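Numbers 1 to 301, taken from full-length UniProt numbering, label the letters of the sequence shown in order.
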Amino acid sequence: MSRAHVATPTTPAFSHPPQPSPAPSPSPTSLYSTSDRLLSPPATPYAVSISGPISVPFYPRLEDYGGYPLARLPQRLSARMPLEILPRAPWLSRMRSCLRLLIIVLSGAVVVTLMHTLEIYRGNRYLELRKGEIPMVWPAHTNLAPTVILLGVATANFLASVAILSLSFKRSFRRPIRSRDLYRIVAGSFGVVLWVAALVVFHLLDRASKASLGRYSCQHASRITNGRFQYRAVCEEQNVAFYTAIGAASAELLTLITLAASAIRSMREEPPLPTIQIHEKKNSNHLSTAWRPARPKTWIQ
């Protein structure tokens, strides 16, 4: 009886061990060498997607600092450096502008009035009389000095006031500077002195001279001459110009007072300049103001 052999899978008696897989090559981004067997994990790529347009840059606000108070910078680094944050009185500036506008109106009225007076005087001398008209007779040597002096001062003050008002629209001219405030006070004092001198001279010369334009016209104010020129009109214009000049001088004095008040207020409210104090230590190796190099002993005396 024959045996049936069934083919079954058999394993060999001797088998080779499995070959180890080769070690991966070190990545250039590894943090340690391969000898330490510590390799950094490979970087995982990630995708960046922009869903919308780039927004405006972010600027921090005061609340982002955690509520810490921020110290203000010093208001003035030098005595000549103007700053807009210097405390000022706005009502003084407005009052000064109104007074300057009033001075322009009053001084302009004085100029116009006295010019009309001189026009009457000059026009009457070369007037061709009509039938039945009586001429205005003036003295041979009429004293025009009071009228001319007051007219000159009023004209100068009018032009100066217009220039000052025009410059006041510039911010640099309105800044409080000590030297500029001093110049303004000196110029205002000079204007007040000119007004007072002109008024005193006008009054004294008009009263002392019988041939002055104002006194002669007031003495003959009741005389009726022709219908175009009257002594009474000249007398009234002289008086109006005099009292209007007094008002302009008073406004100039008030302007000077406001300038002085602004200067004093800015000096009082101005913070003191920062000072640096240096405390020297004894036996210090650092240089100081009292340090002097010592001569070495090896030098030849």
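Backbone N, C-alpha and C fix where the C-beta goes; we use that ideal spot for every residue, glycine too. This structure is a prediction, so every number in the text was calculated from the model and none was measured.
Rounded to the nearest whole angstrom, the C-alpha separation of LEU182 and LEU101 is 22 Å. Take the alpha-carbon of ARG96 and the one of LEU256: they are about 9 Å apart.
In this structure, ARG184 is the residue among GLN219, ARG184, ALA251 with its C-alpha nearest to the C-alpha of ALA263. VAL201 and PHE242 have their C-alpha atoms some 11 Å from each other. Residue range 145-167 is occupied by the alpha helix (DSSP H) that includes THR155.
Distance from THR117 to THR147 at the Cβ level is roughly 6 Å; contact confirmed, criterion being Cβ atoms closer than 8 Å. Membership of SER217 in the alpha helix (DSSP H) is indicated by the continuous run 213-219. Taking every protein chain shown into account, the CB of SER217 has 16 or more other CB atoms within 10 angstroms, so this residue is buried. For ILE164, the CB contacts under 8 Å within the same chain, skipping 5 residues up- and downstream, are ARG100 in chain order.
Distance from the CA of ASN143 to the CA of GLY152, rounded to the nearest whole angstrom, comes to 16 Å. Going by beta carbons, VAL234 and ILE120 fall inside the 8 Å limit.
The beta carbon of GLY188 is closer than 8 Å to those of GLU252, THR255, LEU256, LEU259 in its chain, skipping five residues each way along the sequence. Here THR142 carries a coil assignment [DSSP, helix/strand/coil].
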